[in-house]
Amino acid sequence: MSARRLAGGTGMADLRGIRALTFDVFGTVVDWRKSIVDEGAQLGRERGLQVDWGRFADEWRGHYGPSMDRVRRGELPWTSLDGLHRMALDALIPRYGLDSLSEADRDHVNRVWHRLRPWPDAIPGLARLKARFVIAPLSNGNVALLTNMAKAAGLPWDCILSAELARAYKPDPKAYTTAVELLGLRPERVLMVAAHAGDLQAARSVGMR
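Numbering (the numbering used here), first residue to last: 84 to 292.
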């Protein structure tokens, strides 16, 4: 995350006129992979499960884009990211020998996405930016997921913005325009922050910085 460059110092971006910063979350603010691997390893020790948790995490995340594409194409009705994650998890369970997990266990594993840990510099960086701007996630994560993650990790958002509010997954323009409208600002007053070029390009296409 380029919080230091945004918040001050040499090479600072020109933020004149910017009122709010919206952030991609998975990968930009939180380390989703290590969080899943660490929780999986703990579960494996407790239950005697022999699983390549790195491969498991990568394959689970690999369902992310294709599952949202099914919603975009109308093959699935609007389904929250929690629901899409659970569908992918159910498909992975037999492949990784996790059939012994109870329904409660599976729900707990699925909610690991609510407990993702931030990158080490994320919270200090966000705190500095919050002093000057409104800051909020603009993520494909559903509102409950993002709220619980913020509570668990101490992410200092001013509000929660989510694709769920637009019923449209990024990079659908509606996800960005809805967020801007909810902030009560013009698009050029809102800066999108993301580690993914496609996210930034989609935001720019609707007039965001």
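C-beta: ideal position from N, C-alpha, C; glycine also.
In the DSSP annotation of this structure, Leu104 is not part of any alpha helix (DSSP H); the continuous beta strand (DSSP E) holding it starts and ends at Ala103 to Phe106. Annotation for Val226: no beta strand (DSSP E) segment contains it, though the alpha helix (DSSP H) segment containing it runs Val226 to Ala236.
Going by C-alpha positions, Gly157 is about 31 Å away from Leu268. In the DSSP annotation of this structure, the continuous segment of the alpha helix (DSSP H) that includes Val192 starts and ends at Glu186 to Asn193.
In the structure shown, the three-state DSSP call for Ala277 is coil.
Counting of Cβ neighbours within 10 angstroms places Leu265 among the exposed residues, the total staying below 16.
For Leu209, no beta strand (DSSP E) encloses it; the enclosing alpha helix (DSSP H) starts and ends at Ala205 to Lys213.
Distance check between His146 and each of Leu175, Leu159 and Gly127 places Leu175 closest, using alpha-carbon atoms only. The beta carbon of Val217 sits closer than 6 Å to those of Ala103 and Asp241, all from its chain and outside the five residues before and after it, given in chain order. Straight-line measurement puts the Cα of Glu186 at about 30 Å from the Cα of Pro220. Taking C-beta separations shorter than 7 Å and ignoring five residues to either side along the sequence, the partners of Leu283 in its chain run Met275 and Ala277, following chain order. Between the stretch 230-248 and the stretch 175-184, the count of Cβ pairs shorter than 8 Å is below three; the stretches do not touch. The three-state reading of DSSP puts Pro149 in helix, counting H, G and I together. Annotation: the continuous beta strand (DSSP E) that includes Leu221 extends over Val217 to Ser222. Ala124 and Gly100 have their alpha carbons spaced roughly 46 Å apart. Val154 sits away from Leu229, with the two beta carbons spaced by 8 Å or more.
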